[in-house]
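Counted the way mature numbering (1 follows the signal peptide of the UniProt record, and there is no 0) counts, the sequence shown spans residues -24 to -1, 1 to 169. No residue lacks a Cβ here, since even glycine has one placed at the ideal position from N, Cα and C. Remember, it's a predicted structure, so these values are computed and weren't measured experimentally.
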Amino acid sequence: MKRPVAAALTAFGLALSLPATGHAAQPSENDVEEARALAKEFMMSLKGELQAAIKEGGPINAIDVCRTAAPGIAGEISSKSGWAVGRTALKVRNPRNAPDVRERAVLMDFLARAEAGEDLMKMESATVIAENGRRYLHYMKAIPTGGVCLTCHGGELEPKLQQAILQTYPADAATGFEAGELRGAFTFVKPLE
Ligand code: HEC
């Protein structure tokens, strides 16, 4: 949607400089809906693969699913949609998933919103950010901790499983979660025309 003031200024041939934030930087509802649908697809695929792997070979076998299937699914969604896709959290298992400053701020905001009673299932954030002369839409969708997640992210891990996790992730900080708590977020970034 064009701002009437901006349109009037350009009509008079005046130089136009809009602030980086403000009304003109609002994300479009279409883009947000697209990211929302992709986040849902990511969650469903990952949960499906995790549950199947646990059923087939137990949770130690399924460690590899979270390790390799998650980036795999992210890559697939990314190449078909043009969004850069990832996962992050305040407490991470893989240090490569650690949030940047902006993502950390959004995750802190999610925590506060959850504490204030907002439903994690629908929690999201969408912001347009200017970087190097281009505008990007940054979308994040909260990931709640579900029952199946507790096997590997809960308070008490089965000792052999814990050992296997620590072998690959010596700095693991992603345990001690309870069902219904914020586990992390999916991240989606797309350049805007
Ligand atoms: C079989 C064990 C296992 C189960 C079950 C599991 N995870 Fe994970 N999770 C992992 C491993 C291993 C990683 C590290 C993946 C990597 O290297 O990127 C991880 C990483 C993550 C991350 C990325 C941030 C980080 O900590 O590195 C999120 C978010 C996450 N898991 C959420 C979940 C959710 C939500 C569920 C339940 C739907 C779940 N996990 C179930 C093992 C598991």
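| Asked | Found |
| --- | --- |
| Inter-residue Cα distance where the pair is M97 and E9 | 15 Å |
| Coarse secondary structure for L168, derived from DSSP in three states | strand |
| Endpoints, alpha helix (DSSP H) assigned at L14 | 5 to 40 |
| Beta carbon of A147 nearer than 9 Å to that of A65 | no |
| Sequence-distant residues of its chain with Cβ nearer than 7 Å to T121 (five each side left out) | H129, F153, E154, A155, G156, E157, R159 |
| First through last residue of the beta strand (DSSP E) which encompasses A118 | 110 to 120 |
| R69: CB within 8 Å of a non-hydrogen atom of ligand 1 | yes |
| Where F153 sits in the DSSP three-state scheme | coil |
| Length of the line joining the Cα atoms of A29 and G109 | 44 Å |
| DSSP bridge partner residues for D101 (one or two, in chain order) | In the sequence as displayed, the identity of residue 101 is Ser instead of Asp. According to DSSP, which records beta bridges pairwise, S101 is partnered with M116. |
| I53 vs V41 beta-carbon contact at 9 Å | no |
| Euclidean distance between Cα positions of T103 and T44 | 29 Å |
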